[in-house]
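Everything on this sheet refers to the single structure shown next.
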Amino acid sequence: TIRLAQELNIDTAQFSGVCAYPGTEYYMWCKENSYLVPKSWPEWVDENLEQRAIINFPQLSVDEINRLVDKGLKDFYLRPRQMIIMLKNIKSWTDIKTKFYGLKSFFNYFSGAKK
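Here the sequence shown is numbered in the numbering used here, starting from 2 and rising by one per residue.
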């Protein structure tokens, strides 16, 4: 998935672990098999209100899923080609502010800083 996102001609990419929403068959299946980690809604996000993986598969742990999500974000956005694309897309003062806010959020996410 990470490699495919890098090969596509896209401006942005989203990486996340699969989510089992209450009321769905998938949620019940995860619960019945003891794969669901959080016991309540507040546990579905981290201290910065960022969604984290919530399903601990036998062959792929929550920690590994979160590591791969982070790797996808870094590998996609920290490429020189992607940075050039983002800079070329700046057309206004609003774009500059938006990119600055996004960059700040990106680094806060990885530094663990509170929003």
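Think of the CB as a built atom: it goes at the ideal place given N, C-alpha and C, for glycine as much as any other residue.
Model, not experiment: these values are computed from the prediction.
Cutting at 7 Å between CB atoms, please list the residues of its own chain near S17, excluding the five before and the five after it.
Closer than 7 Å at the Cβ level, and outside the excluded window around S17, lie Q52 and V70.
Please state whether DSSP places L37 in a helix, a strand or coil.
Here L37 sits in strand by DSSP.
Tell me, to the nearest whole angstrom, how far the beta carbon of G73 is from that of T13; I am working on the premise that it is less than 8 Å.
Your pair G73 and T13 does not check out as a contact, with CB atoms roughly 12 Å apart and the cut at 8 Å.
Following the continuous alpha helix (DSSP H) through F101, name the residue where it begins and the one where it ends.
Looking at the DSSP string, the run of the alpha helix (DSSP H) that includes F101 is W94 to S112.
Taking the alpha-carbon positions, what's the S93 to R82 distance?
Going by the C-alpha atoms only, they are around 21 Å apart.
Determine the DSSP secondary structure at F16, reduced to helix, strand or coil.
If DSSP states are grouped into helix, strand and coil, F16 belongs with coil.
Report all residues from its chain with a CB closer than 8 Å to the CB of N67; omit the five preceding and five following residues, and keep chain order.
The answer, listed in chain order, is G18, R53 and A54.
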